[in-house]
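Before any comments, here is the structure.
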DNA sequence: CAGCGAGATTAGATCTAGTCTAAAGATATT
DNA sequence: AATATCTTTAGACTAGATCTAATCTCGCTG
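Protein chains in written order, with my numbering: chain D, 13 to 154; chain R, 13 to 154.
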């Protein structure tokens, strides 16, 4: 279940990202956590895992590269913070309104919403956001 | 369809927000747009509508008050920016990936997803976020 | 109706997440 | 080895949002 160095490298290469040491440790961390860390949390977690210093700019550069390459997704859950998610399976999120904890929800659960989700999650609100191309035509609003 | 001063005031009062002049012009603006403005956009739009200067801090304070009172919702669509939405009908969002334009999608459309939504919207991705209480129990992950 | 107190507003300082810059380092190619 | 391209680095900078402390507003009490 835990990707080894080889599989982390192959994930990067197969997505067209050159596997530098800095990118390897960042990707390895993201691929092995169920958490949804911020850039600062990534920096704290992986600095020290390299013989050289890891700069803040490299963490941000790498996260943007991984996002552009499709290795990670941005998760916008709290104002002013971007969290990162390396779960490549199609899934949604459940955010605990008290603690802020973010838990992945697999798509199958959503399909059976109400039947399965409510056991573990008490849903207060849902925010669905679609991304795509808006076909221009005369406006029609709610 | 366009709320007059009286109805704006009654929305504030019915939600427990004291209707000061500053709050009135801000709420009026939000209730009358289909847009999803940022705090800065709200400031730009309403400053000048009062005989006195409107400070940035008041805009932020007011937006947070309106959010806490349930008059507006935060929309997290772009990193580092909070947008505001005074559409009190339950709805979702569609974000044009080229322009960033955010359009409301009524719940009924989502229920019939694929049948109705695809006419106007070419969906590239969906982000569903639930908010609520996570019932603590042994972990079970995807 | 003067004085008080609670809450609202203000300008500007401050905080913080993230980006930019310019120099140095690494890697591949010739 | 020389060159070109890409990556990394430290630190300066930016932008969105919050904080601070003073001032203002207004309802209430005496």
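Ideal placement from N, C-alpha and C gives every residue a C-beta, glycine not left out.
These numbers were taken from a predicted model, which means no experiment stands behind them.
Cβ pair residue i, residue j closer than 8 Å
{"i": "residue 97 of chain D", "j": "residue 27 of chain D", "result": "no"}
{"i": "residue 51 of chain D", "j": "residue 20 of chain D", "result": "no"}
{"i": "residue 109 of chain R", "j": "residue 143 of chain D", "result": "yes"}
{"i": "residue 66 of chain R", "j": "residue 34 of chain R", "result": "yes"}
{"i": "residue 39 of chain D", "j": "residue 78 of chain D", "result": "yes"}
{"i": "residue 81 of chain R", "j": "residue 141 of chain D", "result": "no"}
{"i": "residue 119 of chain R", "j": "residue 106 of chain R", "result": "no"}
{"i": "residue 25 of chain D", "j": "residue 31 of chain D", "result": "yes"}
{"i": "residue 64 of chain D", "j": "residue 41 of chain D", "result": "no"}
Residues bridged to residue i [DSSP beta-bridge criterion]
{"i": "residue 85 of chain D", "result": "D/97"}
{"i": "residue 111 of chain D", "result": "DSSP output for residue 111 of chain D lists no bridge partner at all."}
{"i": "residue 116 of chain D", "result": "D/105"}
{"i": "residue 141 of chain D", "result": "R/105, R/139"}
Chain-ordered neighbours of residue i on chain R, where CB pairs are closer than 9 Å
{"i": "residue 108 of chain D", "result": "143, 144, 145, 146"}
{"i": "residue 105 of chain D", "result": "139, 140, 141, 142"}
Proximal chain R residues relative to residue i, where beta-carbon distance stays under 7 Å
{"i": "residue 34 of chain D", "result": "Within chain R, no residue comes near residue 34 of chain D; the closest Cβ sits about 22 Å away, beyond 7 Å."}
{"i": "residue 92 of chain D", "result": "92"}
{"i": "residue 79 of chain D", "result": "Result: empty, since nearest Cβ-Cβ is about 10 Å, beyond 7 Å."}
{"i": "residue 71 of chain D", "result": "Result: empty, since nearest Cβ-Cβ is about 15 Å, beyond 7 Å."}
Residue i: contacting residues in chain D (beta-carbon distance under 8 Å)
{"i": "residue 89 of chain R", "result": "88, 141"}
Rounded Cβ spacing between residue i and residue j (contact assumed at less than 8 Å)
{"i": "residue 23 of chain D", "j": "residue 83 of chain D", "result": "6 Å"}
{"i": "residue 112 of chain R", "j": "residue 92 of chain D", "result": "About 18 Å; that fails the 8 Å criterion."}
Residues that residue i contacts on chain R, provided the C-beta gap is smaller than 8 Å
{"i": "residue 135 of chain D", "result": "142, 143, 144"}
My parser needs the alpha helix (DSSP H) runs of 4 or more residues fully inside the region 46–75 of chain R; what are they? 51–58
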